[in-house]
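Undergrad: Just passing along the structure, written as structure tokens.
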Amino acid sequence: MNANMRIIRRAAGLRGEVSVPGDKSISHRSVMLGSVALGTTEITNFLEGGDCLSTISCFRKMGISIEKKSDTLLVHGKGMHGLSAPGSILETGNSGTTTRLMSGILSGQNFNSVLSGDASLNSRPMGRIITPLREMGAKITSVNQNNCAPLRIEPGVLHGISYSTPVASAQVKSAILFAGLYADGDTSVTEPALSRNHTELMLLSFGAPVTTIFHPGGSVTAKISPCEELFGQQICVPGDISSAAYFIAAGILVPDSELLIKNVGMNITRAGFLKVCEAMGADLTLLNKSITGGEPRADILVRSGSLKGTTIDGSMIPALIDEIPMIAVMAACAEGTTVIRDAAELKVKETNRIDTVTAGLRAMGADITPTKDGMIIHGKGALSVENTPLKGARIDSFLDHRIAMSFAVAGLAADGETCIRNSQCVDISYPGFFDTLRTIQGE
Ligand code: S3P
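Position one of the sequence shown corresponds to residue -14 (our numbering), numbered consecutively onward.
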């Protein structure tokens, strides 16, 4: 069988313990801040997925030594001004986080650089970072003048700004805060709702003066003051809740299942998926709660059960944006209607996820209507002996890791056989995903 093609069959009860890989967002940030800090940053449970490996290779090209010693990634930082000019293009692969966050750091350097990714990455919007970074004084241009990567960055003198971003985006916020490290005054960024705050938490632990102000009405400002140096840290990356979401959904949807998903990051700016599961009536129990480096974590015990439709909108969206493909599959296997709105950001992810989720779910026989900023799904009820809400189908991932994994889980709850084409893209965020899927099926 072609390694890019995966066949998934309807599953009987799933059992076992799952340790999902380290959080992608936190892994990226740990290498970025470790590289521009003084001293060595020691990272455990680092995600060795394609996107984070792109970040590592970019910093290696700028003279940072990054090595693996048993389970620990060591980043030998050279301080705020210790990066050196890369000898070639900084290849960012499929990774929006690498491209956007590094643009902020590179805007403060005294050398030229070019960031470029794969076809998907180079078609995603970069105007959202170009505009504020230019306002700060950065010399950043879209090489093809289409507001997309490749991006060329030349040395500029950065000033502090107060910027209001129309979208709640952690990538935009982080690019501005990282540039703010190199600015001559305070920099603040206000977003309409709080997006994931790993950057703020990690900057604080590396010694940067960062504050967060919550405004009446829901908007939030993150502010950073210029700083002389950051200092290397020990970081234990929690399991990625976005990766845990696939196994939580699988445990809920496949009858007679019980799964324990260990050491999952529970940061409230990421945990929207759990709230939706709860609103849909899922049986989840949190165990062994703890907090490390400001990041809460817990084990999640999931048992199968039936779901009901729900509405997902407004300020809930940033805390679950990456989980919407999985939620859509769950909604197709729920009683009643699920409405997802205010999620136009789905259109500018690795694929247009309104389109790719609609195509996949329709192929599996679900009742889904795409809308301008989300989707409406009329669920067909839980999988049972009498009811199969989804039927097996050929699904193209369109090289989008979250589409591949969401539909692999759909395949477990579908009648017949589901074939995921271009499935290798799961390596972007979850190498070993299909092995774990087999293990919990007792294979
Ligand atoms: C991320 C932020 C989100 C998310 C992406 C990772 C990050 O993107 O979708 O997978 O690590 O900052 P936006 O900031 O564009 O919403």
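Don't be surprised by glycine CBs; every beta carbon is placed ideally from N, CA and C.
Rounded to whole angstroms, what is the Cα-Cα separation between ARG379 and PRO240?
TA: C-alpha separation (whole angstroms): 23 angstroms.
Undergrad: Across which residues does DSSP place SER101 in a beta bridge pair?
TA: DSSP lists GLU76 as partners of SER101.
Undergrad: I'd like the list of long-range same chain contacts for GLY279, defined as Cβ closer than 6 angstroms, with 5 residues on each side in sequence excluded.
TA: Closer than 6 angstroms at the Cβ level, and outside the excluded window around GLY279, lie LEU186.
Undergrad: Identify, in the order they occur along the chain, each residue of the same chain with its Cβ nearer than 6 angstroms to the Cβ of GLY112, setting aside the five sequence neighbours on each side.
TA: Excluding positions up to five away in sequence, the list reads ASN132.
Undergrad: What runs of the alpha helix (DSSP H), each 4 residues or longer, lie entirely inside the segment 159 to 204?
TA: Runs of the alpha helix (DSSP H) inside the segment 159 to 204: 183 to 190.
Undergrad: Since TYR148 sits in a beta bridge, which residues does DSSP pair it with?
TA: In the DSSP output, where bridge partners are listed per residue, TYR148 has VAL174.
Undergrad: PHE419 to CYS318, Cα distance in whole Å?
TA: Computed Cα separation, rounded: 22 angstroms.
Undergrad: Where ARG(-9) and GLN94 are concerned, what is the direct C-alpha to C-alpha distance, given to the nearest angstrom?
TA: In a straight line, the C-alpha of ARG(-9) is about 44 angstroms away from that of GLN94.
Undergrad: Going by beta-carbon coordinates alone, are ILE362 and ASP352 separated by less than 9 angstroms?
TA: Yes, they are a contact pair.
Undergrad: For ASN337, which of ILE405, GLU371, SER105 has the nearest alpha-carbon?
TA: Checking every option, the nearest Cα to that of ASN337 belongs to SER105.
Undergrad: Would DSSP call CYS410 helix, strand or coil?
TA: Note: CYS410 maps to helix in three-state DSSP.
Undergrad: Measure the alpha-carbon distance for GLU428 versus LYS274 and round it to whole angstroms.
TA: Approximately 31 angstroms, taken between the alpha carbons.
Undergrad: So, at 6 angstroms on beta carbons, what are the nonlocal neighbours of PRO211 in its own chain, with the 5 sequence-adjacent residues on each side left out?
TA: Answer for PRO211: ALA168, listed in chain order.
Undergrad: Would CYS410 be called buried (16 or more neighbouring beta carbons within 10 Å of its own) or exposed?
TA: Classification for CYS410: buried.
Undergrad: Buried or exposed for ILE161, please, with buried defined as at least 16 other CB atoms from any protein chain shown within 10 angstroms of its CB.
TA: Looking at its Cβ environment, which holds 16 or more other Cβ atoms inside 10 Å, ILE161 is buried.
Undergrad: Quick check on ASN97: buried or exposed, where buried means 16 or more other Cβ atoms within 10 Å of its Cβ?
TA: Looking at its Cβ environment, which holds fewer than 16 other Cβ atoms inside 10 Å, ASN97 is exposed.
Undergrad: Over the uninterrupted alpha helix (DSSP H) stretch that includes LEU91, give me the two end residues.
TA: Taken as a continuous stretch (DSSP letters only), the alpha helix (DSSP H) holding LEU91 covers 81 to 91.
Undergrad: Measuring CA to CA, which of GLY203, GLU308, ALA235 is closest to SER289?
TA: It is ALA235.
Undergrad: At 4 residues or longer, what runs of the alpha helix (DSSP H) sit wholly inside the segment 354 to 381?
TA: Fully enclosed alpha helix (DSSP H) runs of 4 or longer: not present.
Undergrad: Among VAL314, ALA389, PHE383, ASN372, which one has its Cα closest to the Cα of MET360?
TA: Minimum Cα distance to MET360 is reached at VAL314.
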